[in-house]
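Participant:
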Amino acid sequence: MQRLQILKDTFFGLSAVQQQQLLIGSAMAAGGIMAYIVYKRKKPRTIPFGDGWWGVGEKTLSEDQKIYPFQVETSDKEIEDLYERIDRTRYADPLEDGRFHYGFNSTYLKKVVSYWRHEFDWKKQVAVLNKYPHFKTKIEGLDVHFIHVRPPHRENQKVLPIMIVHGWPGSFYEFYKILPLLTQSRDGVVFEVICPSIPGYGFSEASHKKGFNSLAAARIFLKLMERLGFSQFYLQGGDWGSLITTNMAQMKPQCVKGLHLNMCMSNRGFKVLLSLLIGPYLPFLVGLSREDVRRLFPFFEKNVFEMLRESGYLHIQATKPDTAGCGVNDSPVGLAAWILEKFSSWADLKNRDLEDGGLERKFSLDDLLTNVMIYWTTGSITSSMRFYKENLGSNLNNRVDFKTEIFVPTGFAAFPNELMHCPKSWAQIRYRNIQSYTFMPRGGHFAAFEEPQLLADDLFNFVKKVEKS
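Going by full-length UniProt numbering, the sequence shown runs without a break in its numbering and finishes at 469.
1) For Asp76, name the three-state secondary structure that DSSP assigns.
2) Using alpha carbons as the reference points, say which of Leu396, Ala413 and Ser75 lies closest to Leu259.
3) Considering only the beta carbon of each residue, do Pro332 and Trp116 sit closer than 9 angstroms?
4) From Pro409, Glu405, Ile434 and Phe297, pick the residue whose C-alpha is nearest to that of Arg45; which is it?
5) What did DSSP end up calling Leu259 once you bin it into helix, strand or coil?
6) Quick one: what does DSSP say Tyr68 is sitting in, helix, strand or coil?
7) Whole angstroms are fine: how far does the CA of Gly141 sit from the CA of Ile220?
8) Do you know whose CA, among Lys66, His166, Leu392 and Asp64, lies nearest Ser311's CA?
9) With H, G and I counted as helix, E and B as strand and the rest as coil, what does DSSP make of His134?
10) Cα separation between Gly200 and Phe146?
11) Quick check on the DSSP output: what are the complete alpha helix (DSSP H) runs of length 4 or more inside the region 336 to 419, in order along the chain?
12) Helix, strand or coil for Met251? Go by DSSP, reduced to three states.
13) I need the boundaries of the beta strand (DSSP E) containing residue 488, first residue and last residue.
14) Secondary structure at Phe305, three-state DSSP: helix, strand or coil?
15) For a quick check, are the C-beta atoms of Tyr313 and Ser171 less than 9 angstroms apart?
16) Hey, quick one: how far does the alpha helix (DSSP H) through Ser436 stretch, first residue to last?
17) May I have a chain-ordered list of the alpha helix (DSSP H) segments no shorter than 4 residues that lie completely inside the region 208 to 237?
18) What distance in whole Å lies between the Cβ atoms of Gly357 and Phe191, which are believed to be in contact at a cut-off of 8 angstroms?
19) Just verifying my parser: in three-state terms, what is the DSSP assignment at Ile147?
20) Can you check which of these residues, Lys362, Ser75, Tyr91 and Pro152, is closest to Asp121 by C-alpha distance?
21) Does the distance from the C-beta atom of Ala447 to that of Asn262 stay below 9 angstroms?
22) Along the beta strand (DSSP E) that carries Val165, what are the first and last residues, could you check?
23) What is the C-beta distance between Leu215 and Lys252, in whole angstroms, given that I count them as a contact (C-beta under 8 angstroms)?
24) Below 9 angstroms between beta carbons: does that hold for Trp338 and Pro94?
25) Provide the residue span of the alpha helix (DSSP H) that contains Ile316, from first to last.
Structure below.
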(Lines of atoms letter the chains of each structure in order from A and count residues from 1; the text may use other names and numbers.)
(Lines give C-alpha, C1' and ligand atoms only; values in the text may rest on other atoms or scores of the structure.)
Protein backbone atom coordinates (compact mmCIF):
# COMPACT_ATOMS: atom_id res chain seq x y z
CA MET A 1 0.00 0.00 0.00
CA GLN A 2 2.81 2.38 0.82
CA ARG A 3 4.39 1.87 -2.61
CA LEU A 4 1.03 2.42 -4.31
CA GLN A 5 0.62 5.71 -2.47
CA ILE A 6 4.17 6.74 -3.44
CA LEU A 7 3.36 5.82 -7.03
CA LYS A 8 0.14 7.89 -6.95
CA ASP A 9 1.79 10.91 -5.34
CA THR A 10 4.73 10.77 -7.71
CA PHE A 11 2.53 10.50 -10.83
CA PHE A 12 0.32 13.46 -9.95
CA GLY A 13 3.41 15.45 -8.98
CA LEU A 14 4.76 15.18 -12.54
CA SER A 15 4.24 17.76 -15.25
CA ALA A 16 1.78 17.01 -18.06
CA VAL A 17 4.65 16.13 -20.43
CA GLN A 18 6.22 13.79 -17.89
CA GLN A 19 2.84 12.11 -17.24
CA GLN A 20 2.43 11.60 -20.98
CA GLN A 21 5.90 10.00 -21.23
CA LEU A 22 5.03 7.68 -18.37
CA LEU A 23 1.74 6.62 -19.95
CA ILE A 24 3.42 5.98 -23.30
CA GLY A 25 5.98 3.80 -21.56
CA SER A 26 3.22 1.84 -19.82
CA ALA A 27 1.40 1.27 -23.09
CA MET A 28 4.60 0.03 -24.70
CA ALA A 29 5.06 -2.34 -21.78
CA ALA A 30 1.63 -3.89 -22.28
CA GLY A 31 2.28 -4.39 -25.98
CA GLY A 32 5.79 -5.77 -25.67
CA ILE A 33 5.71 -8.30 -22.85
CA MET A 34 4.32 -11.23 -24.86
CA ALA A 35 6.71 -10.66 -27.76
CA TYR A 36 9.62 -10.51 -25.33
CA ILE A 37 8.63 -13.80 -23.65
CA VAL A 38 8.31 -15.62 -26.99
CA TYR A 39 11.64 -14.20 -28.16
CA LYS A 40 13.38 -15.20 -24.94
CA ARG A 41 12.20 -18.81 -25.13
CA LYS A 42 13.75 -19.23 -28.56
CA LYS A 43 17.23 -18.06 -27.57
CA PRO A 44 20.05 -20.64 -27.58
CA ARG A 45 22.16 -21.32 -24.48
CA THR A 46 25.57 -21.66 -26.18
CA ILE A 47 27.33 -20.44 -29.30
CA PRO A 48 29.34 -22.59 -31.75
CA PHE A 49 32.95 -23.23 -30.81
CA GLY A 50 34.14 -23.46 -34.42
CA ASP A 51 37.75 -23.45 -35.56
CA GLY A 52 40.12 -21.13 -37.37
CA TRP A 53 43.51 -20.55 -38.95
CA TRP A 54 45.15 -17.14 -38.71
CA GLY A 55 48.73 -17.97 -39.63
CA VAL A 56 50.56 -17.30 -42.89
CA GLY A 57 49.29 -19.23 -45.90
CA GLU A 58 47.30 -22.44 -45.79
CA LYS A 59 46.55 -24.33 -42.59
CA THR A 60 49.21 -26.87 -41.73
CA LEU A 61 48.38 -30.53 -41.21
CA SER A 62 49.75 -30.44 -37.67
CA GLU A 63 50.64 -27.75 -35.17
CA ASP A 64 53.33 -27.66 -32.51
CA GLN A 65 51.41 -27.73 -29.22
CA LYS A 66 54.41 -27.31 -26.94
CA ILE A 67 54.60 -24.40 -24.53
CA TYR A 68 57.88 -22.49 -24.61
CA PRO A 69 59.35 -20.12 -22.01
CA PHE A 70 59.67 -16.55 -23.23
CA GLN A 71 61.54 -13.50 -21.99
CA VAL A 72 61.08 -9.86 -22.87
CA GLU A 73 64.33 -8.51 -24.31
CA THR A 74 65.72 -5.22 -25.50
CA SER A 75 68.95 -3.89 -26.98
CA ASP A 76 71.00 -0.72 -27.13
CA LYS A 77 70.11 -0.46 -30.83
CA GLU A 78 66.39 -0.50 -30.04
CA ILE A 79 66.78 2.22 -27.42
CA GLU A 80 69.01 4.36 -29.66
CA ASP A 81 66.43 4.20 -32.44
CA LEU A 82 63.74 5.32 -29.97
CA TYR A 83 65.86 8.27 -28.81
CA GLU A 84 66.63 9.37 -32.37
CA ARG A 85 62.95 9.38 -33.26
CA ILE A 86 62.03 11.25 -30.08
CA ASP A 87 64.68 13.88 -30.79
CA ARG A 88 63.23 14.51 -34.27
CA THR A 89 59.69 15.09 -32.99
CA ARG A 90 57.86 18.09 -34.41
CA TYR A 91 55.24 19.38 -31.96
CA ALA A 92 52.12 21.42 -32.63
CA ASP A 93 51.49 24.43 -30.41
CA PRO A 94 48.48 24.00 -28.09
CA LEU A 95 45.58 26.42 -27.98
CA GLU A 96 45.44 28.83 -25.08
CA ASP A 97 43.48 27.22 -22.24
CA GLY A 98 42.97 24.12 -24.39
CA ARG A 99 43.86 21.75 -21.56
CA PHE A 100 42.87 18.18 -22.62
CA HIS A 101 39.66 19.12 -24.45
CA TYR A 102 41.37 18.86 -27.84
CA GLY A 103 43.25 15.69 -27.01
CA PHE A 104 46.68 15.35 -25.43
CA ASN A 105 47.97 18.82 -24.57
CA SER A 106 51.35 19.26 -26.29
CA THR A 107 52.81 21.37 -23.47
CA TYR A 108 52.38 18.52 -21.03
CA LEU A 109 53.32 16.02 -23.72
CA LYS A 110 56.76 17.64 -23.93
CA LYS A 111 57.21 17.02 -20.18
CA VAL A 112 56.22 13.37 -20.54
CA VAL A 113 58.56 12.92 -23.51
CA SER A 114 61.41 14.64 -21.67
CA TYR A 115 61.00 12.13 -18.84
CA TRP A 116 60.83 9.30 -21.37
CA ARG A 117 64.00 10.48 -23.10
CA HIS A 118 66.14 11.32 -20.09
CA GLU A 119 64.86 9.46 -17.01
CA PHE A 120 62.77 6.45 -18.00
CA ASP A 121 64.87 3.26 -17.82
CA TRP A 122 63.52 0.72 -20.31
CA LYS A 123 66.08 -1.93 -19.37
CA LYS A 124 64.96 -1.66 -15.76
CA GLN A 125 61.31 -2.01 -16.81
CA VAL A 126 62.13 -5.04 -18.94
CA ALA A 127 63.44 -6.65 -15.76
CA VAL A 128 60.15 -5.73 -14.06
CA LEU A 129 58.20 -7.34 -16.91
CA ASN A 130 60.26 -10.52 -16.55
CA LYS A 131 59.43 -10.71 -12.84
CA TYR A 132 56.64 -13.14 -13.75
CA PRO A 133 57.04 -16.23 -15.96
CA HIS A 134 56.25 -15.62 -19.64
CA PHE A 135 55.39 -18.27 -22.21
CA LYS A 136 54.37 -18.67 -25.84
CA THR A 137 52.50 -21.43 -27.63
CA LYS A 138 51.18 -21.88 -31.16
CA ILE A 139 47.37 -21.88 -31.51
CA GLU A 140 45.51 -21.62 -34.83
CA GLY A 141 48.72 -20.56 -36.55
CA LEU A 142 49.61 -17.76 -34.10
CA ASP A 143 52.24 -17.48 -31.37
CA VAL A 144 50.13 -16.67 -28.31
CA HIS A 145 51.90 -14.96 -25.42
CA PHE A 146 50.82 -15.27 -21.80
CA ILE A 147 52.09 -15.01 -18.27
CA HIS A 148 51.34 -17.80 -15.80
CA VAL A 149 51.62 -16.96 -12.12
CA ARG A 150 51.25 -19.69 -9.51
CA PRO A 151 50.65 -18.87 -5.83
CA PRO A 152 53.16 -19.88 -3.16
CA HIS A 153 52.49 -23.40 -1.94
CA ARG A 154 50.69 -23.57 1.39
CA GLU A 155 48.76 -26.25 3.20
CA ASN A 156 44.96 -26.14 3.33
CA GLN A 157 44.41 -23.57 0.61
CA LYS A 158 42.11 -23.90 -2.39
CA VAL A 159 43.89 -22.91 -5.61
CA LEU A 160 41.50 -21.67 -8.31
CA PRO A 161 42.67 -21.09 -11.89
CA ILE A 162 41.62 -17.78 -13.43
CA MET A 163 42.27 -16.09 -16.76
CA ILE A 164 42.27 -12.29 -16.81
CA VAL A 165 42.07 -10.49 -20.14
CA HIS A 166 43.02 -6.90 -21.00
CA GLY A 167 41.64 -4.53 -23.62
CA TRP A 168 42.76 -1.53 -25.69
CA PRO A 169 45.01 0.43 -25.26
CA GLY A 170 46.16 -1.73 -22.40
CA SER A 171 48.21 -4.88 -22.13
CA PHE A 172 49.02 -7.73 -19.78
CA TYR A 173 51.07 -5.19 -17.80
CA GLU A 174 47.84 -3.60 -16.51
CA PHE A 175 47.55 -6.57 -14.14
CA TYR A 176 50.99 -6.39 -12.52
CA LYS A 177 49.63 -4.57 -9.47
CA ILE A 178 46.75 -6.98 -8.92
CA LEU A 179 48.76 -10.19 -9.45
CA PRO A 180 50.35 -10.16 -5.95
CA LEU A 181 46.88 -9.65 -4.45
CA LEU A 182 45.30 -12.54 -6.36
CA THR A 183 48.12 -14.97 -5.63
CA GLN A 184 48.04 -14.29 -1.89
CA SER A 185 45.76 -16.65 0.06
CA ARG A 186 42.63 -15.08 1.50
CA ASP A 187 40.46 -17.19 3.82
CA GLY A 188 41.95 -20.30 2.27
CA VAL A 189 41.26 -19.24 -1.33
CA VAL A 190 43.95 -18.21 -3.81
CA PHE A 191 44.27 -17.86 -7.58
CA GLU A 192 46.57 -19.35 -10.17
CA VAL A 193 46.57 -16.63 -12.82
CA ILE A 194 46.88 -16.92 -16.59
CA CYS A 195 47.10 -13.55 -18.31
CA PRO A 196 47.35 -13.68 -22.12
CA SER A 197 48.02 -10.97 -24.68
CA ILE A 198 45.20 -10.74 -27.23
CA PRO A 199 46.61 -11.78 -30.64
CA GLY A 200 47.78 -8.59 -32.34
CA TYR A 201 48.62 -6.97 -28.99
CA GLY A 202 52.11 -6.84 -27.53
CA PHE A 203 53.95 -10.15 -27.71
CA SER A 204 51.10 -12.20 -29.21
CA GLU A 205 51.40 -12.59 -32.97
CA ALA A 206 48.85 -10.71 -35.06
CA SER A 207 46.46 -12.45 -37.41
CA HIS A 208 47.60 -12.62 -41.03
CA LYS A 209 44.03 -12.90 -42.27
CA LYS A 210 40.88 -10.79 -42.10
CA GLY A 211 38.15 -11.52 -39.61
CA PHE A 212 40.00 -12.07 -36.33
CA ASN A 213 37.39 -10.88 -33.80
CA SER A 214 36.45 -11.52 -30.16
CA LEU A 215 34.96 -14.93 -31.02
CA ALA A 216 38.28 -16.05 -32.51
CA ALA A 217 40.19 -14.70 -29.49
CA ALA A 218 37.78 -16.48 -27.12
CA ARG A 219 38.25 -19.80 -28.90
CA ILE A 220 42.04 -19.44 -28.84
CA PHE A 221 42.03 -18.65 -25.11
CA LEU A 222 39.79 -21.66 -24.41
CA LYS A 223 42.27 -23.81 -26.31
CA LEU A 224 45.07 -22.26 -24.26
CA MET A 225 43.36 -23.16 -20.98
CA GLU A 226 42.79 -26.70 -22.23
CA ARG A 227 46.44 -26.97 -23.25
CA LEU A 228 47.46 -25.87 -19.75
CA GLY A 229 45.35 -28.68 -18.30
CA PHE A 230 42.47 -26.63 -16.85
CA SER A 231 39.01 -28.15 -17.32
CA GLN A 232 37.26 -25.57 -15.11
CA PHE A 233 38.29 -22.02 -14.31
CA TYR A 234 37.22 -18.45 -13.58
CA LEU A 235 37.39 -15.51 -15.99
CA GLN A 236 37.83 -11.78 -15.46
CA GLY A 237 37.84 -8.96 -18.01
CA GLY A 238 37.23 -5.34 -18.87
CA ASP A 239 37.07 -3.47 -22.18
CA TRP A 240 37.64 -6.02 -25.01
CA GLY A 241 38.49 -8.49 -22.26
CA SER A 242 34.87 -8.35 -21.06
CA LEU A 243 33.59 -9.33 -24.51
CA ILE A 244 36.22 -12.04 -25.02
CA THR A 245 35.59 -13.66 -21.63
CA THR A 246 31.83 -13.42 -22.17
CA ASN A 247 32.27 -15.25 -25.48
CA MET A 248 34.34 -17.90 -23.69
CA ALA A 249 31.49 -18.44 -21.21
CA GLN A 250 29.03 -18.72 -24.10
CA MET A 251 31.14 -21.24 -26.02
CA LYS A 252 31.99 -23.57 -23.14
CA PRO A 253 29.85 -22.73 -20.10
CA GLN A 254 30.69 -26.13 -18.59
CA CYS A 255 34.30 -24.97 -18.25
CA VAL A 256 33.61 -21.54 -16.74
CA LYS A 257 32.95 -21.66 -13.00
CA GLY A 258 32.38 -17.92 -12.86
CA LEU A 259 32.67 -14.77 -14.97
CA HIS A 260 33.68 -11.46 -13.35
CA LEU A 261 33.52 -8.23 -15.36
CA ASN A 262 34.29 -4.58 -14.76
CA MET A 263 32.62 -3.48 -17.99
CA CYS A 264 29.30 -4.64 -19.37
CA MET A 265 27.94 -4.23 -22.90
CA SER A 266 24.17 -4.39 -22.40
CA ASN A 267 21.60 -5.11 -25.08
CA ARG A 268 19.49 -2.22 -26.21
CA GLY A 269 15.81 -3.07 -26.33
CA PHE A 270 12.38 -2.72 -24.82
CA LYS A 271 13.43 -3.01 -21.17
CA VAL A 272 16.17 -0.42 -21.56
CA LEU A 273 13.85 1.99 -23.38
CA LEU A 274 11.27 1.64 -20.63
CA SER A 275 13.96 2.36 -18.04
CA LEU A 276 14.95 5.53 -19.84
CA LEU A 277 11.35 6.76 -19.97
CA ILE A 278 10.34 5.93 -16.40
CA GLY A 279 13.67 5.66 -14.59
CA PRO A 280 14.26 9.36 -13.83
CA TYR A 281 10.86 9.61 -12.09
CA LEU A 282 10.04 6.14 -10.69
CA PRO A 283 13.29 4.19 -10.78
CA PHE A 284 12.12 1.37 -8.51
CA LEU A 285 9.44 0.41 -11.05
CA VAL A 286 12.07 -0.44 -13.65
CA GLY A 287 14.69 -1.98 -11.39
CA LEU A 288 16.95 1.06 -11.04
CA SER A 289 18.54 2.18 -7.78
CA ARG A 290 19.23 5.76 -6.76
CA GLU A 291 22.89 5.22 -7.63
CA ASP A 292 21.88 3.99 -11.10
CA VAL A 293 19.86 7.17 -11.60
CA ARG A 294 22.77 9.31 -10.47
CA ARG A 295 25.16 7.60 -12.90
CA LEU A 296 22.77 7.33 -15.86
CA PHE A 297 20.90 10.62 -16.06
CA PRO A 298 20.63 12.99 -17.79
CA PHE A 299 20.95 10.08 -20.23
CA PHE A 300 21.67 11.93 -23.47
CA GLU A 301 24.36 14.06 -21.89
CA LYS A 302 26.13 11.17 -20.14
CA ASN A 303 25.60 8.38 -22.67
CA VAL A 304 25.15 10.01 -26.07
CA PHE A 305 26.85 13.40 -26.22
CA GLU A 306 29.69 12.31 -23.91
CA MET A 307 30.29 9.20 -25.98
CA LEU A 308 30.36 11.26 -29.16
CA ARG A 309 33.05 13.43 -27.59
CA GLU A 310 35.08 10.36 -26.57
CA SER A 311 34.61 7.91 -29.43
CA GLY A 312 36.39 9.58 -32.35
CA TYR A 313 39.25 7.09 -32.02
CA LEU A 314 36.73 4.24 -32.24
CA HIS A 315 35.32 5.36 -35.58
CA ILE A 316 38.81 5.67 -37.03
CA GLN A 317 39.94 2.29 -35.73
CA ALA A 318 36.71 0.60 -36.77
CA THR A 319 36.97 1.87 -40.34
CA LYS A 320 40.56 2.73 -41.40
CA PRO A 321 42.93 1.40 -38.73
CA ASP A 322 45.86 0.93 -41.13
CA THR A 323 45.78 4.58 -42.20
CA ALA A 324 46.00 5.92 -38.64
CA GLY A 325 48.42 3.14 -37.78
CA CYS A 326 50.98 4.42 -40.25
CA GLY A 327 51.52 7.54 -38.18
CA VAL A 328 51.48 6.14 -34.66
CA ASN A 329 53.56 3.08 -35.55
CA ASP A 330 56.30 5.35 -36.93
CA SER A 331 56.36 8.09 -34.28
CA PRO A 332 56.92 7.13 -30.62
CA VAL A 333 55.62 10.52 -29.46
CA GLY A 334 52.53 10.19 -31.64
CA LEU A 335 51.97 6.71 -30.21
CA ALA A 336 52.33 7.97 -26.64
CA ALA A 337 49.82 10.78 -27.24
CA TRP A 338 47.33 8.39 -28.89
CA ILE A 339 47.50 5.89 -26.02
CA LEU A 340 48.03 8.07 -22.96
CA GLU A 341 45.14 10.41 -23.74
CA LYS A 342 42.86 7.43 -23.01
CA PHE A 343 44.48 6.81 -19.65
CA SER A 344 43.63 10.42 -18.83
CA SER A 345 40.00 10.75 -19.88
CA TRP A 346 38.95 7.13 -19.28
CA ALA A 347 40.15 7.28 -15.70
CA ASP A 348 37.93 10.32 -15.15
CA LEU A 349 36.31 12.55 -17.78
CA LYS A 350 36.89 15.53 -15.49
CA ASN A 351 40.61 15.17 -16.27
CA ARG A 352 39.95 16.92 -19.58
CA ASP A 353 39.71 20.15 -17.57
CA LEU A 354 43.30 19.81 -16.34
CA GLU A 355 46.48 21.06 -18.01
CA ASP A 356 48.23 17.74 -17.35
CA GLY A 357 45.17 15.58 -17.95
CA GLY A 358 45.41 14.24 -14.39
CA LEU A 359 47.61 11.42 -15.68
CA GLU A 360 49.85 11.21 -12.64
CA ARG A 361 46.94 11.23 -10.19
CA LYS A 362 46.32 7.54 -10.81
CA PHE A 363 49.41 6.32 -12.62
CA SER A 364 53.17 6.73 -12.55
CA LEU A 365 54.96 7.76 -15.73
CA ASP A 366 57.06 4.60 -15.47
CA ASP A 367 53.92 2.43 -15.59
CA LEU A 368 52.33 4.42 -18.39
CA LEU A 369 55.46 4.45 -20.53
CA THR A 370 56.04 0.73 -19.94
CA ASN A 371 52.64 0.06 -21.48
CA VAL A 372 53.49 2.37 -24.40
CA MET A 373 56.82 0.60 -24.89
CA ILE A 374 55.08 -2.78 -25.15
CA TYR A 375 53.23 -1.42 -28.17
CA TRP A 376 56.28 0.42 -29.55
CA THR A 377 58.86 -2.35 -29.36
CA THR A 378 56.47 -4.96 -30.81
CA GLY A 379 55.10 -2.66 -33.52
CA SER A 380 51.63 -3.88 -32.57
CA ILE A 381 49.58 -0.68 -32.47
CA THR A 382 48.13 -1.13 -35.97
CA SER A 383 47.14 -4.76 -35.44
CA SER A 384 45.61 -3.86 -32.07
CA MET A 385 43.54 -1.15 -33.76
CA ARG A 386 42.31 -3.64 -36.39
CA PHE A 387 40.48 -5.50 -33.62
CA TYR A 388 37.93 -2.66 -33.70
CA LYS A 389 37.26 -3.09 -37.41
CA GLU A 390 36.96 -6.86 -37.11
CA ASN A 391 34.41 -6.54 -34.31
CA LEU A 392 32.56 -3.37 -35.32
CA GLY A 393 32.69 -3.68 -39.10
CA SER A 394 29.16 -5.09 -38.99
CA ASN A 395 26.23 -4.73 -36.59
CA LEU A 396 27.21 -6.39 -33.30
CA ASN A 397 23.54 -6.99 -32.47
CA ASN A 398 23.29 -9.37 -35.43
CA ARG A 399 26.12 -11.58 -34.17
CA VAL A 400 25.25 -14.92 -32.60
CA ASP A 401 26.91 -14.01 -29.30
CA PHE A 402 24.74 -10.90 -28.87
CA LYS A 403 21.64 -13.03 -29.41
CA THR A 404 22.73 -15.59 -26.82
CA GLU A 405 22.30 -15.20 -23.07
CA ILE A 406 25.00 -16.07 -20.54
CA PHE A 407 24.11 -18.56 -17.83
CA VAL A 408 27.34 -19.01 -15.89
CA PRO A 409 27.58 -17.35 -12.44
CA THR A 410 28.48 -13.71 -13.11
CA GLY A 411 29.78 -10.85 -11.03
CA PHE A 412 29.99 -7.16 -11.93
CA ALA A 413 32.16 -4.43 -10.45
CA ALA A 414 30.58 -1.15 -11.57
CA PHE A 415 33.21 1.58 -11.31
CA PRO A 416 31.80 5.13 -11.14
CA ASN A 417 34.05 6.63 -13.83
CA GLU A 418 33.51 3.87 -16.40
CA LEU A 419 32.59 5.41 -19.75
CA MET A 420 29.06 4.00 -19.73
CA HIS A 421 27.14 2.73 -16.73
CA CYS A 422 25.23 -0.55 -16.99
CA PRO A 423 22.63 -1.06 -14.23
CA LYS A 424 22.12 -4.54 -12.85
CA SER A 425 18.62 -4.69 -14.36
CA TRP A 426 20.12 -4.06 -17.82
CA ALA A 427 22.93 -6.56 -17.31
CA GLN A 428 20.35 -9.20 -16.39
CA ILE A 429 18.91 -9.03 -19.90
CA ARG A 430 21.92 -11.02 -21.13
CA TYR A 431 23.63 -12.28 -17.98
CA ARG A 432 21.01 -14.55 -16.45
CA ASN A 433 22.87 -15.66 -13.33
CA ILE A 434 24.26 -12.57 -11.64
CA GLN A 435 25.65 -13.56 -8.25
CA SER A 436 27.08 -10.18 -7.29
CA TYR A 437 26.81 -6.59 -8.48
CA THR A 438 28.89 -3.98 -6.69
CA PHE A 439 28.82 -0.20 -6.97
CA MET A 440 32.51 0.52 -6.59
CA PRO A 441 33.38 3.66 -4.60
CA ARG A 442 35.98 5.03 -7.02
CA GLY A 443 37.87 4.20 -10.19
CA GLY A 444 37.40 4.22 -13.93
CA HIS A 445 37.96 2.16 -17.05
CA PHE A 446 41.36 0.65 -16.20
CA ALA A 447 40.19 -1.01 -12.99
CA ALA A 448 43.14 -3.33 -12.30
CA PHE A 449 45.63 -0.57 -13.11
CA GLU A 450 43.83 2.16 -11.13
CA GLU A 451 42.31 0.34 -8.18
CA PRO A 452 43.87 -3.13 -7.88
CA GLN A 453 42.85 -3.60 -4.25
CA LEU A 454 39.20 -2.76 -4.88
CA LEU A 455 39.01 -5.05 -7.89
CA ALA A 456 40.76 -7.90 -6.07
CA ASP A 457 38.41 -7.56 -3.08
CA ASP A 458 35.34 -7.72 -5.30
CA LEU A 459 36.70 -10.66 -7.27
CA PHE A 460 37.44 -12.66 -4.10
CA ASN A 461 33.97 -11.88 -2.69
CA PHE A 462 32.33 -13.02 -5.93
CA VAL A 463 34.31 -16.25 -6.11
CA LYS A 464 33.55 -17.11 -2.49
CA LYS A 465 29.83 -16.78 -3.21
CA VAL A 466 30.14 -19.06 -6.21
CA GLU A 467 32.22 -21.63 -4.36
CA LYS A 468 29.65 -21.79 -1.54
CA SER A 469 26.65 -22.16 -3.85
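All residues carry an ideal CB built from backbone N, CA and C; glycine is no exception.
Facilitator: This is what the structure gives:
1) Sequence index remark: in the sequence shown, residue 76 carries index 76 (1-based). Helix at Asp76.
2) Indexing the sequence shown from 1 puts residue 259 at position 259. Closest in alpha carbon position to Leu259, among Leu396, Ala413 and Ser75, is Ala413.
3) On the sequence shown, position 332 is the one that residue 332 refers to. On the sequence shown, position 116 is the one that residue 116 refers to. A contact, by the Cβ cut-off of 9 angstroms.
4) Translated into positions along the sequence shown, residue 45 becomes position 45. Of Pro409, Glu405, Ile434 and Phe297, the residue nearest in Cα terms is Glu405.
5) As a position in the sequence shown, residue 259 is number 259, starting the count at 1. If DSSP states are grouped into helix, strand and coil, Leu259 belongs with the strands.
6) Counting from one through the sequence shown, the residue named residue 68 turns up at place 68. Of the three classes helix, strand and coil, the one that applies to Tyr68 here is strand, per DSSP.
7) Taking the first residue of the sequence shown as position 1, residue 220 is located at position 220. Taking the first residue of the sequence shown as position 1, residue 141 is located at position 141. Their Cα atoms are separated by approximately 10 angstroms.
8) As a position in the sequence shown, residue 311 is number 311, starting the count at 1. Among Lys66, His166, Leu392 and Asp64, the Cα nearest to that of Ser311 belongs to Leu392.
9) What you label residue 134 is simply residue 134 of the sequence shown in a count that begins at 1. Residue state, collapsed to three classes: strand.
10) The count along the sequence shown starts at 1 and reaches residue 200 at position 200. The count along the sequence shown starts at 1 and reaches residue 146 at position 146. For Gly200 and Phe146, the distance between alpha carbons rounds to 13 angstroms.
11) 359 to 362, 365 to 378 and 381 to 392
12) Here residue 251 corresponds to residue number 251 of the sequence shown, with the count starting at 1. Here Met251 sits in helix by DSSP.
13) The structure shown does not extend to residue 488, since the chain is modelled only from 1 through 469, so no value can be given for it.
14) Residue mapping note: residue 305 aligns to position 305 of the sequence shown, counting from 1. Here Phe305 carries a helix assignment [DSSP, helix/strand/coil].
15) Taking the sequence shown and counting its residues from 1, one reaches residue 313 at position 313. Taking the sequence shown and counting its residues from 1, one reaches residue 171 at position 171. Their beta carbons are not under 9 angstroms apart, which means Tyr313 does not touch Ser171 by this criterion.
16) As a working mapping, residue 436 is identified with position 436 in the sequence shown. It is not in any alpha helix (DSSP H) - Ser436 instead sits in the beta strand (DSSP E) that spans Ile434 to Phe439.
17) 214 to 227
18) As a position in the sequence shown, residue 191 is number 191, starting the count at 1. As a position in the sequence shown, residue 357 is number 357, starting the count at 1. About 33 angstroms separates the two Cβ atoms, so there is no contact after all.
19) In the sequence shown, the residue the question calls residue 147 occupies position 147. Here Ile147 sits in strand by DSSP.
20) What you label residue 121 is simply residue 121 of the sequence shown in a count that begins at 1. For the residues Lys362, Ser75, Tyr91 and Pro152, the minimum Cα distance to Asp121 belongs to Ser75.
21) Locating residue 447 in the sequence shown gives position 447, counting from the first residue. Locating residue 262 in the sequence shown gives position 262, counting from the first residue. Closer than 9 angstroms, so yes.
22) Counting from 1 along the sequence shown, the entry for residue 165 is found at position 165. Residues Lys158 to Val165.
23) The residue labelled residue 215 in the question sits at position 215 within the sequence shown. The residue labelled residue 252 in the question sits at position 252 within the sequence shown. Incorrect: roughly 13 angstroms between the Cβ atoms, too far for contact.
24) Within the sequence shown, numbered from 1, the residue matching residue 338 stands at position 338. Within the sequence shown, numbered from 1, the residue matching residue 94 stands at position 94. Taking 9 angstroms as the Cβ cut-off, Trp338 and Pro94 do not qualify as a contacting pair.
25) Position 316 of the sequence shown, counted from the start, is the residue given in the question as residue 316. First-last of the alpha helix (DSSP H) with Ile316: Gly312 to Gln317.
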